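Visitor: Protein chains in written order, with this note's numbering: chain A, 3 to 95; chain B, 257 to 567.
Structural data, given as structure tokens:
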């Protein structure tokens, strides 16, 4: 199993179509860089994307340089995955 | 593995093996009303199973519900399992459900993408993009998150980039999991409602996705979606968007409900189940039952309307 320590999920709110298209540009990156949990659909809907720890700095800089507002939806995915795994194991027992 | 459905935890996430074992027990315990049908095999040769709820009779009109076409959306499989159990436990007690089952059959496909679901348990849950082994698709999430568009037709709004959310796929029904459903529904020929359950954007949508133009039954579908969303809201106060796919989410062709509607299934809906706003695909297991409970009320509303408005 892979380890996702430090990977984050960012929630981005695009103001307009132009900002949305900047997010869509990220879709063209290598898939390891950004994984859209909720893709760029329309400005009124949030965009959620998982960013590996190694790419966080680059992606956050990209968002900030284009004036895209974001918040950290999940600070460390591995913590949640561990909790989920533990809950499943407990239920199985 | 669980030996009886009574000890099964509906408030936990489960592996494919556990779910398939539960299906076997469930069918055995409720053989008077539930049966299991294998409608095909997945790309990696896993069984594709459908639960049939029927009180008998031949050529009953039918309702289709599928969960888990996006395999990392575990809340959908969990909701489907709870729903299946709810149907059995409420039959004979809930007048509406009883009336529905006396006149119609309900089919539920709990794990629409078994390969992808197994992958999320054996390898990783969080990442989305991973090519199917031996596949020509290097980016799109064939074995994992998505089967792409349901019918995978190129067209307005769909995309030739396999890394895109709206990738249209190499050819119509190119995936065996999709073809199994299409063949089954087509051969049956008497489905009156189809509900495809996804997560996690809190939406209930109807055709079209491919075009902003309203379908001929737009008013009825709008009103029904509104009623369903209101019934859902009354359970735990969760608000859903509703409307046509193209006006609510995005314009994209080749998706499930468009195909269903164009195939003559008027009551075609796509659900996006709840999100707490924080967890996305990692919705905590404590939210499985609340999610399923509220979803059930919406499903029941759609099924009741289908029963009362034959066509």
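Yeah, the Cβ is synthetic: ideal placement off N, Cα and C, and Gly gets one too.
It should be emphasised that the depicted structure is a prediction, and the values quoted were computed from it without experimental measurement.
#1: Which value, in whole angstroms, describes the spacing of the CA atoms of residue 524 of chain B and residue 518 of chain B?
#2: Out of curiosity, what's the CA-to-CA distance linking residue 432 of chain B and residue 356 of chain B?
#3: In this structure, does DSSP put residue 530 of chain B in helix, strand or coil?
#4: Along the stretch 524-545 of chain B, where does the CB come closer than 9 Å to a CB of chain A? Name the residues.
#5: For the stretch 494-523 of chain B, which residues have a CB atom closer than 8 Å to at least one CB atom of chain A, in sequence order?
#6: Let me confirm a value: residue 457 of chain B is counted as buried when at least 16 other C-beta atoms fall within 10 Å, else exposed. Which label applies?
#7: Decide if the stretch 495-515 of chain B is in contact with the stretch 457-473 of chain B; the criterion is three or more beta carbon pairs, one per stretch, under 8 Å apart.
#8: Can you list, in chain order, the residues of its chain with a C-beta nearer than 6 Å to that of residue 450 of chain B? Leave out the 5 residues immediately preceding and following it.
#9: Is the beta carbon of residue 339 of chain B closer than 7 Å to that of residue 332 of chain B?
#10: Kindly indicate which three-state DSSP category residue 300 of chain B falls into: helix, strand or coil?
#11: Using DSSP with H/G/I as helix, E/B as strand and the rest coil, what is residue 93 of chain A?
#12: Just verifying my parser: in three-state terms, what is the DSSP assignment at residue 368 of chain B?
#13: Count the other CB atoms, across all protein chains shown, that sit within 10 Å of the CB of residue 550 of chain B; report buried if there are 16 or more and exposed otherwise.
#14: Enumerate, from N- to C-terminal direction, the unbroken alpha helix (DSSP H) stretches of 4 or more residues contained entirely within the stretch 8-79 of chain A.
#15: DSSP puts residue 81 of chain A in a beta bridge; with which residues?
#16: If you check the beta carbons only, do residue 557 of chain B and residue 487 of chain B fall under 7 Å apart?
#17: Here's a check: name, in chain order, each residue in its chain whose Cβ is nearer than 6 Å to the Cβ of residue 570 of chain B, leaving out the five neighbours to either side.
#18: Give the residues of chain B in contact with residue 93 of chain A, contact being defined as C-beta atoms less than 7 Å apart.
#19: By the DSSP assignment, the beta strand (DSSP E) with residue 462 of chain B in it spans what residues?
#20: What is the residue span of the beta strand (DSSP E) that residue 450 of chain B lies within?
#21: Using a Cβ-Cβ cut-off of 6 Å (strictly less than) and excluding sequence neighbours within five positions of residue 79 of chain A, which residues of its own chain qualify?
#22: Spell out the partners DSSP gives residue 294 of chain B in its beta bridges.
#23: Mind listing which residues of the stretch 22-39 of chain A have their C-beta closer than 7 Å to chain B's C-betas, in chain order?
#24: Beta-carbon separation of residue 18 of chain A and residue 48 of chain A under 7 Å?
#25: Below 8 Å, can you find three or more Cβ-Cβ pairs linking the stretch 335-352 of chain B to the stretch 263-281 of chain B?
#26: Going along chain B in order, which residues have a C-beta closer than 8 Å to the C-beta of residue 76 of chain A?
#27: Can you tell me whether residue 6 of chain A is helix, strand or coil according to DSSP?
#28: Under 7 Å between beta-carbons, which chain B residues line up against residue 50 of chain A? List them in chain order, please.
#29: Of all the CB atoms in chain B, is at least one closer than 7 Å to the CB of residue 2 of chain A?
#30: If we call anything under 7 Å between Cβ atoms a contact, is residue 298 of chain B one with residue 304 of chain B?
#31: Could you work out which residues of chain A lie near residue 573 of chain B, taking near to mean beta carbons separated by less than 8 Å?
#32: Might you give, ordered along the chain, the residues of its own chain that have their beta carbon closer than 6 Å to the beta carbon of residue 559 of chain B, omitting 5 neighbours on each side?
#33: Would you verify that the beta carbon of residue 43 of chain A is, or is not, closer than 7 Å to some beta carbon of chain B?
#34: Using only alpha-carbon positions, find the residue among B:360, B:493, B:378, B:437 that is nearest to residue 313 of chain B.
#35: Tell me, please, which residues DSSP counts as bridged to residue 524 of chain B.
#36: Give the DSSP-derived three-state secondary structure of residue 440 of chain B in the structure shown.
Guide: Straight from the coordinates:
#1: Working through the second chain from its first residue, we reach residue 524 of chain B at position 268. Working through the second chain from its first residue, we reach residue 518 of chain B at position 262. Taking the Cα positions, residue 524 of chain B is about 10 Å away from residue 518 of chain B.
#2: Here residue 432 of chain B corresponds to residue number 176 of the second chain, with the count starting at 1. Here residue 356 of chain B corresponds to residue number 100 of the second chain, with the count starting at 1. In this structure, the alpha-carbon of residue 432 of chain B lies about 31 Å from that of residue 356 of chain B.
#3: The count along the second chain starts at 1 and reaches residue 530 of chain B at position 274. Residue state, collapsed to three classes: coil.
#4: Cβ contacts with chain A: 531, 533, 534, 535, 536, 537, 538, 540, 541, 542.
#5: Residues passing the 8 Å Cβ filter: 505, 506.
#6: Your numbering for residue 457 of chain B matches position 201 in the second chain. Classification for residue 457 of chain B: buried.
#7: The stretch 495-515 of chain B is in contact with the stretch 457-473 of chain B.
#8: Along the second chain, read from residue 1 onward, the residue named residue 450 of chain B stands at position 194. The residues are 320, 516, 521, 524.
#9: Taking the second chain and counting its residues from 1, one reaches residue 332 of chain B at position 76. Taking the second chain and counting its residues from 1, one reaches residue 339 of chain B at position 83. In this structure, residue 332 of chain B lies away from residue 339 of chain B, with their beta-carbon atoms at least 7 Å apart.
#10: Taking the second chain and counting its residues from 1, the one referred to as residue 300 of chain B is at position 44. Residue 300 of chain B: coil per DSSP, three-state reduction.
#11: Within the first chain, numbered from 1, the residue matching residue 93 of chain A stands at position 91. Looking at residue 93 of chain A - three-state DSSP - the assignment turns out to be helix.
#12: Locating residue 368 of chain B in the second chain gives position 112, where the first residue counts as 1. Correct three-state label for residue 368 of chain B: coil.
#13: To locate residue 550 of chain B, count along the second chain from 1; it is residue 294. The residue in question, residue 550 of chain B, is buried, as its Cβ has 16 or more Cβ neighbours within 10 Å.
#14: Within the stretch 8-79 of chain A, the complete alpha helix (DSSP H) segments of 4 residues or longer fall at 19-29, 55-67, listed in chain order.
#15: On the first chain, position 79 is the one that residue 81 of chain A refers to. Paired residues: none, contrary to the question.
#16: Here residue 557 of chain B refers to the residue found at position 301 when the second chain is read from its first residue. Here residue 487 of chain B refers to the residue found at position 231 when the second chain is read from its first residue. Yes, the Cβ-Cβ distance between residue 557 of chain B and residue 487 of chain B is below 7 Å.
#17: Since the first and last residues shown for chain B are 257 and 567, residue 570 of chain B lies out of range.
#18: Within the first chain, the letter at position 91 stands for residue 93 of chain A. Chain order gives the chain B residues near residue 93 of chain A as 265, 268, where near means a beta carbon separation below 7 Å.
#19: Your numbering for residue 462 of chain B matches position 206 in the second chain. It spans 459-462 - the beta strand (DSSP E) in which residue 462 of chain B sits, taken as one unbroken run.
#20: As a working note, residue 450 of chain B is residue 194 in the second chain. Its beta strand (DSSP E) spans residues 447-455.
#21: As a first step, residue 79 of chain A is located in the first chain; it is residue number 77 there, counting from the start. Non-local beta-carbon contacts of residue 79 of chain A in its own chain, meaning distances under 6 Å to residues more than five positions away in sequence, involve 6, 9 in chain order.
#22: To locate residue 294 of chain B, count along the second chain from 1; it is residue 38. In DSSP, residue 294 of chain B forms a bridge with B:305.
#23: Here the close residues are 29, 30, 33, 37, 38, 39.
#24: On the first chain, position 16 is the one that residue 18 of chain A refers to. On the first chain, position 46 is the one that residue 48 of chain A refers to. No.
#25: Flag = yes, the stretch 335-352 of chain B and the stretch 263-281 of chain B touch.
#26: Along the first chain, read from residue 1 onward, the residue named residue 76 of chain A stands at position 74. Going along chain B in sequence order, the residues near residue 76 of chain A (Cβ under 8 Å) are 534, 535, 536, 538.
#27: The sequence position of residue 6 of chain A within the first chain is 4, counting from 1. In this structure, residue 6 of chain A counts as coil in the three-state DSSP scheme.
#28: Along the first chain, read from residue 1 onward, the residue named residue 50 of chain A stands at position 48. Around residue 50 of chain A, the beta-carbon contacts reaching into chain B at under 7 Å are 536.
#29: Residue 2 of chain A cannot be examined here, being either before or after the span of chain A that is shown, 3 to 95.
#30: Looking up residue 298 of chain B in the second chain gives position 42. Looking up residue 304 of chain B in the second chain gives position 48. Against a cut-off of 7 Å, the Cβ pair of residue 304 of chain B and residue 298 of chain B comes out as a contact.
#31: Given a span of 257 to 567 for chain B in the structure shown, any question on residue 573 of chain B remains unanswerable.
#32: What you label residue 559 of chain B is simply residue 303 of the second chain in a count that begins at 1. Closer than 6 Å at the Cβ level, and outside the excluded window around residue 559 of chain B, lie 319, 356.
#33: Here residue 43 of chain A refers to the residue found at position 41 of the first chain. At least one chain B Cβ lies under 7 Å of residue 43 of chain A.
#34: Stepping through the second chain from its first residue, residue 313 of chain B is reached at position 57. Nearest in C-alpha terms to residue 313 of chain B, of all of B:360, B:493, B:378, B:437, is B:360.
#35: Here residue 524 of chain B is taken as the residue at index 268 of the second chain, counted from 1. Looking at the DSSP output, residue 524 of chain B shares a beta bridge with B:450.
#36: Taking the first residue of the second chain as position 1, residue 440 of chain B is located at position 184. Residue state for residue 440 of chain B is assigned as helix, using DSSP reduced to three classes.
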